[in-house]
Every structure is written in C-alpha cells, then in structure tokens.
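Novice:
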Amino acid sequence: MSRSSGDRRVAASERIAADGRAAVEPVAALIALVAVGAALGLYAGALADAAPDRERDLAGTTLDRVERDAAVGGVVDPSRLSVPAPDPYAGATAMLETRRGSWVARSGENAPDAIGRAAGDDIARATVTVRVAPGENARGTLSVAVRR
C-alpha cells in the first residue's frame, strides 16, 4: 500500500510528539522577546535614575545655607553674612549686592576672589530682600561661588 501526503504529515507530527520536543510558535517567541526587551529597558532606566549624581550642586546648596543663616524673618542681614565651607578641599565666596552697597564673605583657602571670573567656579544667585539700615530694606542679589 502506498501512503498519501496526508499520511506523511501525520507521521511527521507523530514523530515530533514521540521525541518529546515541542515547537514554539514564531508569534509567541516574538512576543516573549519583546517582553524581555521591555523588562530589561525598564530595569536599566530604574538603575540609571537610582544612581547618585556624580556632579553635586555645591553652589546651590551653599547659597541655600548662606541665605538661611543670614536671614531674619525673610530679610537678609549683611552683618550675619558668612559662608560655611562646602567641602574640606573647596573654597566659597558669598557676595550680597544692593544699590546702597555690597558685602563679601569667604571661607576656605581656595575661595574665589570674585564671583564669575574663574571658569571652573560653580555659581548660584538669588534675589533677596536686604536690611540696609534699621527699618529700611532694599532688593539685592545674593551670589555664591564655589571653587572645587
């Protein structure tokens, strides 16, 4: 007896089943591949967001601290202007400027002489209210430069 082509297909499928192997559909394999790729992408993104920044904003942090220490009731008192050392190896300069005058405070051996002159300095500025005389306030700029 001769076999037909239909019999060959049955015989081939019986042979695969007999070997104990299963075949994966191409669509299912592609979906699994996309799912694994998406999971790896999300994991890598989460790791990148969780890693600490190598560049810290020293000037911004120092500016916040200088303003907090020098302000009384939200008004900066020039006599209280001081600069905490942001880092043992860094120097910092704070400058408070108004139309009536300017005040400077420095800390650290490596403190910048002037704000904005050296290319490697980290600089931050904020507009503040300054007590220029008893009962008299003026708008001013508080600037901080940190040299690393």
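With the numbering used here as the guide, the letters of the sequence shown map in order to residues 412 to 559.
Ideal Cβ positions, reconstructed from N, Cα and C, are used throughout, including at glycine.
Quick caveat, the model's predicted, so the values are computed rather than measured.
Do A549 and V555 have their beta-carbon atoms positioned less than 9 Å apart in this structure?
Specialist: No, the Cβ-Cβ distance between V555 and A549 is not below 9 Å.
Novice: Identify whether R536 lies in helix, strand or coil by the three-state DSSP scheme.
Specialist: The answer is strand: DSSP assigns R536 an E or B state.
Novice: Check whether the stretch 473-482 and the stretch 444-454 touch, using three or more Cβ-Cβ pairs below 8 Å as the test.
Specialist: Contact fails: fewer than three Cβ-Cβ distances are below 8 Å.
Novice: Going residue by residue through the stretch 476-521, where are the continuous beta strand (DSSP E) segments of at least 3 residues, counting only ones entirely within it?
Specialist: List check, beta strand (DSSP E) in window: 502-508 and 513-518.
Novice: Which residue wins for smallest C-alpha separation from T472, given the options T509, V483 and A505?
Specialist: Ranking the options by Cα distance to T472, first place goes to A505.
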